[in-house]
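Worksheet for the structure shown next.
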Amino acid sequence: MTTVITQTQPLDDSDFIIKGQLVDTYTRCIHYHSQLDIIALRFKCCPNTFYPCFKCHDELNNHQIDKFHVRDQYKVVICGDCLGQLTANEYLNSGSVCPRCQAEFNPGCSSHYKLYFDF
């Protein structure tokens, strides 16, 4: 049996939290924790919560992910370094670098885009 350890990290804007199996304050989780794994994502189904990855969402909820469309103007990605929030389009066009603080994001996340966003 697997024990799920959950941490919640409140953001400056108290309307949102980061929830998942976090290993640090940069949004790294037990599933993805390289130096570059510093984003968290928000889904339509959980509008007040950001998750480090789809696995954290799935392990902590009893429903399927409902994704935002890439054209939606909602802030759906958080940089774990500066906590700047990005739209899907801003994130997808960032070149794997935060446009606010220039922290590098994991370019390998591009293989998961269809899990996070509707196109």
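Mapping the sequence shown onto numbering that gives the first Met the number 0, position 87 (from 1) lands on 86, and the numbers just tick up by one.
Just so you know, even glycine gets a beta-carbon here, dropped at the ideal spot from N, CA and C.
In this text, all values refer to a predicted model and were calculated from it rather than measured experimentally.
Going by DSSP, what residues sit across from residue i in a beta bridge?
i	result
Ala102	Bridge partners of Ala102: none, in fact.
Leu114	According to DSSP, which records beta bridges pairwise, Leu114 is partnered with nothing at all.
Leu40	Tyr50 and Val76
Phe15	None; Phe15 has no bridge partner.
Val96	Glu103
Gln84	Ile77
Leu21	Cys28
Nearest by alpha-carbon distance to residue i: which of the options is it?
i	options	result
Ile38	Phe118, Asp117 and Ser109	Ser109
Lys113	Cys44, His68, His30 and Tyr25	His68
Cys45	Leu35, Gln34, Asp57 and Asp71	Asp57
Phe118	Leu40, Leu91 and Cys100	Leu91
Gly79	His111, Gln72, Lys54 and Gln101	Gln101
Val75	His62, Leu35 and Glu89	Glu89
Pro51	Asn61, Cys81, His32 and Lys66	His32
Gly94	Leu35, Cys28 and Ile16	Leu35
Arg99	Pro106, His111, Leu82 and Cys55	Leu82
Tell me the residue span of the beta strand (DSSP E) that contains residue i.
i	result
Tyr50	Cys45 to Tyr50
Would you kindly report the start and end of the unbroken alpha helix (DSSP H) that includes residue i?
i	result
Leu91	Ala87 to Leu91
Can you tell me the Cβ-Cβ gap for residue i and residue j, rounded? I've got them flagged as a contact below 8 Å.
i	j	result
Phe116	Ala87	5 Å
Thr26	Ile77	7 Å
Under a three-way DSSP split, which group does residue i fall into?
i	result
Asp71	coil
His56	helix
Ser33	coil
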